[in-house]
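Trainee:
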Amino acid sequence: EDDQVDELVEIIRSKGRTGQPEAGWVVVMDVEKAVRIDEG
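23 is the number of the first residue of the sequence shown in the working numbering; add one for each residue after it.
#1: Assuming I34 and V53 are in contact, meaning their beta carbons sit under 8 Å apart, how far apart are those beta carbons, in whole angstroms?
#2: For G38, which residues from the same chain have a beta carbon less than 6 Å from its beta carbon, with the 5 sequence-adjacent residues on both sides left out?
#3: Specify, as a first and last residue, the run of the alpha helix (DSSP H) that K37 falls within.
#4: Can you tell me which of the three DSSP states D24 falls into?
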């Protein structure tokens with residue numbers, strides 16, 4: 023839910039640190055469409 027975005031971003035930031043400058047980004051955006059890829 024939208025009201026949980028900031029909390030989830032902070033969790034990802036605190037647990038996903040590498041210690042390297044400019045090593046990564048957390049991108050938050052709306053998903054317009056999702057398509058399932060079947061295994062065959």
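All C-beta atoms, glycine included, are put in the ideal place defined by N, C-alpha and C. All values reported here derive from a predicted model rather than from experimental measurement.
Mentor: From the atom records:
#1: Not confirmed; about 17 Å, so no contact.
#2: none
#3: 27-37
#4: helix
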